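Enquirer: Please see the structure below; I have some questions.
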């Protein structure tokens, strides 16, 4: 990591917006990260790239999206830009994932277990997960970036990190990192890894993907980050009687 974690005033995870969206100023509304229900989940932010829409003829133009936000989407498309809905629809009772497109979550969960995090039905409950870009891309394609996308993403991410007292941001998208994240001065540690669904995730001997992600979480735990999330640090249940 580039520097040791500071020691900000610690608090539990803030209450989440039940609708899964955030309002910038007054209107319109845009997707927001999902803060997991576990204690200190707000301290660890895993940042991916974009949400994806499956309907329509292509990307929504930046000027139209930023003027209307999620209000212009139908009920089905809204579930594609809300992590609570994505997890509700795709996370199975046996702990697996329904959709092949959920490889990112499957691979993140596996790495979190190997980093020593407490076993959960959804390991992503231990963290906050979000996307860098507020405008959704189209059918798995990378967003055709505009200056509006960069401006909105930068403003939102900086405000979120400061407001939520994030201690570690893991950017799991090279596109997001080199377009936005590396230019921001943030009050937390920032580590870049490759996208968990790409071929480089399991390569590089700890330089790029899975092993770098695991090593980063282990260091985070040693420095006191999200203590209840790690087996070695979790508070034991009270003794009966």
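Residue numbers (the working numbering): 1 to 241. Every residue gets a Cβ at the ideal spot worked out from N, C-alpha and C, and that includes glycine. All of these numbers come straight from a predicted model, not from anything done at the bench.
Here's the rule: buried if 16 or more other CB atoms are within 10 angstroms of the residue's CB, otherwise exposed. What is residue 206?
Expert: By the 10 Å Cβ count, residue 206 comes out exposed.
Enquirer: How should residue 189 be labelled, buried or exposed, when 16 other C-beta atoms within 10 angstroms of its C-beta is the threshold for buried?
Expert: It counts as buried.
Enquirer: Using the C-alpha atoms, what's the distance from residue 50 back to residue 72?
Expert: Residue 72 and residue 50: Cα-Cα distance of roughly 18 Å.
Enquirer: Given that a residue counts as buried once 16 or more other Cβ atoms are within 10 Å of its Cβ, and exposed if not, what is residue 126?
Expert: It is buried - the Cβ of residue 126 has at least 16 other Cβ atoms within 10 Å.
Enquirer: So who's on the other strand from residue 192, going by DSSP bridges?
Expert: DSSP output for residue 192 lists 171 as bridge partner(s).
Enquirer: Taking contact to mean at least 3 C-beta pairs separated by less than 8 Å, is the segment 162 to 171 in contact with the segment 42 to 58?
Expert: A contact exists between the segment 162 to 171 and the segment 42 to 58.
Enquirer: Buried or exposed: where does residue 164 fall if 16 or more other Cβ atoms within 10 Å of its Cβ makes it buried?
Expert: Buried, by the Cβ-count rule.
Enquirer: Just to confirm the assignment: which complete beta strand (DSSP E) runs, minimum length 3, are found wholly within the segment 103 to 166?
Expert: Fully enclosed beta strand (DSSP E) runs of 3 or longer: 128 to 131.
Enquirer: Can the beta-carbon of residue 196 be found less than 8 Å from the beta-carbon of residue 104?
Expert: Yes, Cβ-Cβ distance for residue 196 and residue 104 is below 8 Å.
Enquirer: Closer than 6 Å by C-beta to residue 23: which residues in its own chain qualify, once you throw out the five before and the five after it? Chain order, please.
Expert: Because residue 23 carries a pLDDT of 46, less than 50, the predicted location of this residue cannot be relied on, and no value is offered for it.
Enquirer: Looking at C-alpha atoms only, which residue of 155, 139 and 134 is the closest neighbour of residue 145?
Expert: Of the listed residues, the one whose Cα sits closest to residue 145 is 134.
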